[in-house]
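Residues 30 to 574 (the working numbering) make up the sequence shown, in order. Let me begin by presenting the structure, written as structure tokens, before commenting on it.
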Amino acid sequence: MRSRPRLLREIALTVGAVAGLVCVLFALAAVFFGITPLIFRSGSMAPAIDTGALALSKTTPVADIEVGDIVKVTNASGTGITHRVVEIGAVGTDSAQLFLKGDANAEPDAESYVVSEADRVFFSVGKLGYAVTWLSGPVAVFIGGIAVGVLLMTAFGFRRPTVESPAQPDDDDRLQEPPSGRHSAQGRGTSTLGVVLALAAISAVGISASNTPTTLAAGQDTATALSGTFTTALPIPAPLSLTCTNAERGLLGAIRFVNLTFPSRGAQYTYQLTLKKAGENDREFAVAGTAATGVVITQAVENGALLQLLPLPLAPVLDGVYTASIRTKSGTRFSQPSPTANITMNNGLLIGLAASARCGGTPAAARSAPRAIVPETTTQAPTATSPLVPDSTLAPAPTTTDPSLTEESPAPPPVEVPPTTTTPSSTTDTPAAALPEEVTTPPAPAALSAPVASPSGASTARVVDIDGAPTLQIVDATGAVQYSAPATSSEAYGYGVNWSAGDQLWLLGPDELVRLDGTGGSWSRSVIDPADVDRIPADILALLN
């Protein structure tokens, strides 16, 4: 029979060998199959995945990602964020626009993510992440070093020779003899293999623990993420229009204010109001509320408060003409300004009494610009003729004041004074020519392909150049952009934009076929196998090579 110390030694080596084999296989899977372990540091994915859980994720093409999958992306600061896919938006042939939301969050993430691939979670174990985190600490490394030494001594340490008892029978003597030949070599080989695999286990665990990425299942306030694999980022869409309307409230309409209205660019965005006036710092205010795409948002603008007793948005009282604009906000990024609207602020006798805000007016900078040119032709005329205007009425009796007449004989041309003195009054009103600058429209993006209308005429697909990147846009009958995403082209199909019955938009590519379906102004994406002819309309099938 085997002695007890030898049995314990073989059990230890066997356990180490099995653990080493498992760790080696896991390391190989991570390298060859793109499997990555993740440790969750927060709980916005609870109860599906709690804080401290260890999850496994696999790099997955975006075409294989579906609504309901849990995927990992990376935000602008490099922090990993893992949330669930709640919607897949418009795409090119190799990218998609993902909308994510933490299970424990009330609202989706503030920003959508345009990706070509992402890490999809396929397995998780609660609390195991704490153990992996501990293994990456200095205490675990120290204990691992001791374990390595113990395994080395167990496998290769000196063994005490077996002492034979002369009273034992010959059969017992044979049982006590150490094995020789092939069996002895096999025992030594098993010990060597065991320690090698055990060392591999400790090394693999140490390396994995020290390199296991952590992911933040962030709350709504910090869940602004971009993508683990970046493509050309979509520009944040600016409001398409801005309308100013006068309004009153209070007793006899004493409080006069304005309402600014603009169409929403999507429920995932917020907005910022900016008021500009020459010589002053810009005044910025958060616009309360968001809405679905195309829904009109109204923001009231009041000039301070009656007697400064009520805490209204624009207190203290403003005075003069301000230019208002709206910018779309997504996380820390802003769009270009919307078209502008001018608002005339009246300070109400400087104490806030009946202070008002009304639509219209010309900014002070626009009025003062033309006046700077007028003095170049009129400054000499007023200074030379203003003291002579009274004297010109005495011109019929020049013989009574000979000395003075000889000194001011050049002055009779005061007949020229009326046209020169009236010139400033006629030019002060000329700034009316600057009024067209009150409303500015962002330049239309350059078209890369001819617009294609849907069969019903309700939508139009086009490919335009935005910041140097080809972009597919779907707009409604009013020109409002419903969806925008990077576009790709191929030699066989170009941009591959084709409509089919039912207002389905098909994107043809050499490697895949994409279908966009619109419902209520929202568009969803599906990847169709070109070999699945039953799902492809005949007119689209005829276009495939």
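Beta carbons are placed, not taken as given, at the ideal position from N, Cα and C, and that holds for glycine.
With at least 16 other beta carbons inside 10 angstroms of its own, T322 counts as buried. Under the three-state reduction of DSSP, A92 is assigned to helix.
For I40, the enclosing alpha helix (DSSP H) begins and ends at R33 to F62.
Collapsing the DSSP output to three states places M182 in a helix. Note on geometry: alpha-carbon atoms of K101 and V60 lie some 18 Å from one another. When L54, L289 and S485 are compared, the shortest CA-CA separation from C388 is found for L289.
When only Cα atoms are considered, E277 and I94 end up about 52 Å apart. Contiguous beta strand (DSSP E) elements confined to the region 122–156 occur at 125–130, 142–144 and 146–154, taking only those with 3 or more residues.
Cβ contact annotation for P268 (same chain, cutoff 7 Å, sequence separation greater than five): F291, P292, R294, I355, T357 and S367, in chain order. By the neighbour-count criterion, in which a residue is buried when 16 or more other Cβ atoms sit within 10 angstroms of its Cβ, A560 is exposed.
For I355, the uninterrupted beta strand (DSSP E) segment begins and ends at G349 to S359. Per DSSP, the continuous beta strand (DSSP E) segment holding A490 begins and ends at S488 to I495.
For V91 and S124, the gap between their C-alpha atoms comes out near 6 Å. According to the DSSP assignment, L537 belongs to the beta strand (DSSP E) that extends over Q533 to L537. In this structure, the straight-line span from the alpha carbon of D132 to that of S71 is close to 12 Å. Beta-carbon to beta-carbon, I117 and L127 are separated by about 6 Å, close enough to satisfy the 8 Å threshold. For I557, the uninterrupted beta strand (DSSP E) run begins and ends at S551 to I557, by DSSP. Relative to N371, the option among K87, G531, A353 and A384 whose CA is nearest is A353. A distance below 8 Å between beta-carbons, with the five flanking residues on each side excluded, links T272 to the following residues of its chain, in chain order: L289, T290, F291 and A370. Note on I503: 16 or more other CB atoms within 10 angstroms of its CB, so buried under the neighbour-count rule.
The region 147–157 makes contact with the region 69–85: 3 or more CB pairs, one atom from each, lie closer than 8 Å.
The bridge partners DSSP lists for G547 are W552.
Of the other Cβ atoms in all chains shown, fewer than 16 fall within 10 Å of the Cβ of G97; this residue is therefore exposed. Pairing T65 with D148 gives a Cβ-Cβ distance under 8 Å.
With contacts defined by Cβ atoms closer than 8 Å, Y300 and I326 form a contacting pair. In this structure, S385 is the residue among P484, F363 and S385 with its C-alpha nearest to the C-alpha of D348. Taking a C-beta distance under 8 Å as the contact criterion, G538 and Y522 qualify as a contact pair.
Nearest neighbour of E331 by Cα position, chosen from A75, I175 and G279, turns out to be G279. When secondary structure is reduced to three states using DSSP, L573 falls in the coil class, being assigned neither helix nor strand.
For T489, the CB contacts under 6 Å within the same chain, skipping 5 residues up- and downstream, are P480, A482 and V504 in chain order. A Cβ-Cβ distance of about 4 Å is found for the pair A516 and P499, placing them in contact under the 8 Å criterion. In this structure, DSSP gives L164 a helical state, which the three-state scheme calls helix. The alpha-carbon separation between Q533 and S359 amounts to approximately 29 Å.
Residue pairing from DSSP leaves R70 without any beta-bridge partner. When the alpha-carbon of L67 is set against those of L573, L302, A160 and Y351, the nearest one is in A160.
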